[in-house]
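Undergrad: Following the UniProt record's numbering, the numbering of the sequence shown begins with 1 at its first residue and continues without gaps. Heads up, the beta-carbon is just placed ideally off N, CA and C, and yes, glycines get one too. Got a structure for you, questions after.
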Amino acid sequence: MDRVYNFSAGPAQLPLAVLEKAQKEFLSYEQSGMSVMEMSHRSKIFDAILQQTEQLLRDLMEIPDHYKVLFIQGGASLQFSMIPLNLLANGGHAYYVNTGSWSKKALIEAEKVGESRVLASSEDKNFTYIPEIDFSVLDDNTKYVHITTNNTIEGTRFTHIPDTGDVPLVADMSSNILSEQIDVSKFGIIYAGAQKNLGIAGLTIVIIRDDLIGHAPSNLPTMLKYDTYAKNRSLYNTPPTFAIYMTKLVLEWLKEQGGIKQIEKLNIEKASLLYNYIDESNMFFSNVRSEDRSLMNIPFLTKSDELNELFVKEAQKEGLVTLKGHRSVGGMRASIYNSMPIEGVKALVQFMKEFESKNG
Ligand SMILES: *Cc1c(COP(=O)(O)O)cnc(C)c1O
């Protein structure tokens, strides 16, 4: 069967080896005679899956011991609410760096819970850059600073992790977790929906420093408290078992690729191929400030809507799919997460060259 190169922003393409492994183990996982989907989440065999997944993530990201890894449902979007409910509901204020549609949604949810302020914004230029941040306004009542390390829709990323001093830095890393080396100890909370670089939809990973757990108001519903997940090893209720298993496979695959250091090198190489061509092309261009360009999500355009449309349609015929840009940005977007092989990026660039010479 032919597989396409799928440039979807999420749920995204998975490594073929991961899908094949899942297929092989689908009907009977490790001689259990049952699928992972059919197992008790309290069974020894699933417990091992859960432990291995956590350990793999800890090893790959070098997560310090004083951080918990939580497995939660509800997507990154539920974290937009859980973060303020757990950290802001008792007073004080939080600061948000507004760098795109997802940051904005996070801010809107925080405003419902407590005092939330914009620390810096790039909305004036349609989120095409990462703004300078003035940290001098942070004070003892600042509960946290929230950033979106990679802006999936607009195609920007933080290339330096801001230094917020003693104020916990909270990061939505949904679209660039595991894509480049980061120092976890610089963060209070890191969270990411799994369906981009970690696996499949249904699972959200939260990496949280111990001292940030246990501050929720006592009347906060049990399922919304980080404490509940931390105390029960994410087994208070039934976790998304199959999604956790898929993440285990993705992490094993990543380890086989040489870990984050290796994949980062490859990600830089992949993104450079595409950016270099966009920069030299007379037809395609990017609106993103070059020093803030994302390695994962690469929006690009031509000068005409008709050409954009034709491009997406013709690319699809060549097995290069889901290249239509987000409606708020227009044009095209190539999402090239860890699982996109360099061959896929080369095929895209080749196609762009041919398209330009035919239609330029
Ligand atoms: C995809 C995405 C989200 C939303 O994730 P859900 O799991 O659908 O809630 C939030 N933030 C960023 C940066 C994303 O890329």
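Per DSSP, what kind of secondary structure is residue 84 in: helix, strand or coil?
TA: helix
Undergrad: Strictly by DSSP, which residues pair up with residue 332?
TA: According to DSSP, residue 332 bridges with 300 and 324.
Undergrad: Short of 6 angstroms in beta carbon distance, which residues of its chain neighbour residue 32, apart from the five on each side in sequence? Order them along the chain.
TA: 45
Undergrad: Should residue 37 go down as buried or exposed, given a rule of 16 or more other Cβ atoms within 10 Å for buried?
TA: Exposed, because fewer than 16 other Cβ atoms sit within 10 Å of the Cβ of residue 37.
Undergrad: What is the residue span of the beta strand (DSSP E) that residue 164 lies within?
TA: Counting along the chain, residue 164 falls outside any beta strand (DSSP E), and DSSP gives it neither H nor E.
Undergrad: Can you tell me whether residue 116 is helix, strand or coil according to DSSP?
TA: strand
Undergrad: Quick check on the DSSP output: what are the complete alpha helix (DSSP H) runs of length 4 or more inside the stretch 124-158, in order along the chain?
TA: none
Undergrad: So what's residue 21 in DSSP terms, helix, strand or just coil?
TA: DSSP places residue 21 within a helical segment (H, G or I) once states are collapsed to three.
Undergrad: Compute the Euclidean distance between the alpha carbons of residue 281 and residue 48, then round it to the nearest angstrom.
TA: 51 angstroms
Undergrad: What's the C-alpha gap between residue 292 and residue 158?
TA: 7 angstroms
Undergrad: Using only CA atoms, which one of 193, 331 and 156 lies nearest to residue 123?
TA: That would be 156, whose Cα lies nearest to the Cα of residue 123.
Undergrad: Measuring alpha carbon to alpha carbon, tell me which residue in 107, 65, 310 and 57 is nearest residue 199.
TA: Among 107, 65, 310 and 57, the Cα nearest to that of residue 199 is on 57.
Undergrad: Considering only heavy atoms of ligand 1, does any lie closer than 6 angstroms to the CB of residue 152?
TA: Result yes, Cβ under 6 angstroms from ligand 1.
Undergrad: Does the CB of residue 262 have a neighbour CB from chain C at under 7 angstroms?
TA: Of the protein chains in the structure, only one exists, and it is not chain C.
Undergrad: Let me confirm a value: residue 289 is counted as buried when at least 16 other C-beta atoms fall within 10 Å, else exposed. Which label applies?
TA: exposed
Undergrad: Count the other CB atoms, across all protein chains shown, that sit within 10 Å of the CB of residue 13; report buried if there are 16 or more and exposed otherwise.
TA: buried
Undergrad: May I ask you to list the residues that DSSP assigns as paired with residue 170?
TA: Under DSSP, residue 170 shares a beta bridge with 146 and 189.
Undergrad: Which stretch, first to last residue, makes up the beta strand (DSSP E) that contains residue 69?
TA: Per DSSP, the continuous beta strand (DSSP E) segment holding residue 69 begins and ends at 67-72.
Undergrad: Contact check, residue 335 vs residue 7 under 8 angstroms by CB: the rounded distance?
TA: 5 angstroms
Undergrad: What does DSSP give as the partner residue(s) for residue 121 in the beta ladder?
TA: 98
Undergrad: In whole angstroms, what separates the C-alpha of residue 114 from that of residue 256?
TA: CA-to-CA, the gap between residue 114 and residue 256 works out to about 44 angstroms.
Undergrad: Give me the DSSP bridge partner(s) of residue 3.
TA: Here residue 3 is not bridged, per DSSP, to any residue.
Undergrad: Comparing alpha-carbon positions, which option in 85, 91 and 101 lies nearest residue 110?
TA: 85
Undergrad: So residue 213 is in the alpha helix (DSSP H); what residue range does that whole segment cover?
TA: Unbroken run through residue 213: none, as it is neither H nor E.
Undergrad: Thinking C-alpha only, which one of 222, 346, 194 and 184 is nearest residue 210?
TA: Residue 184 is the option with its Cα nearest to residue 210.
Undergrad: What separation, rounded to the nearest whole angstrom, lies between the Cα atoms of residue 388 and residue 299?
TA: What the structure shows of the chain is the stretch from 1 to 360, and residue 388 is not part of that stretch, so it cannot be assessed.
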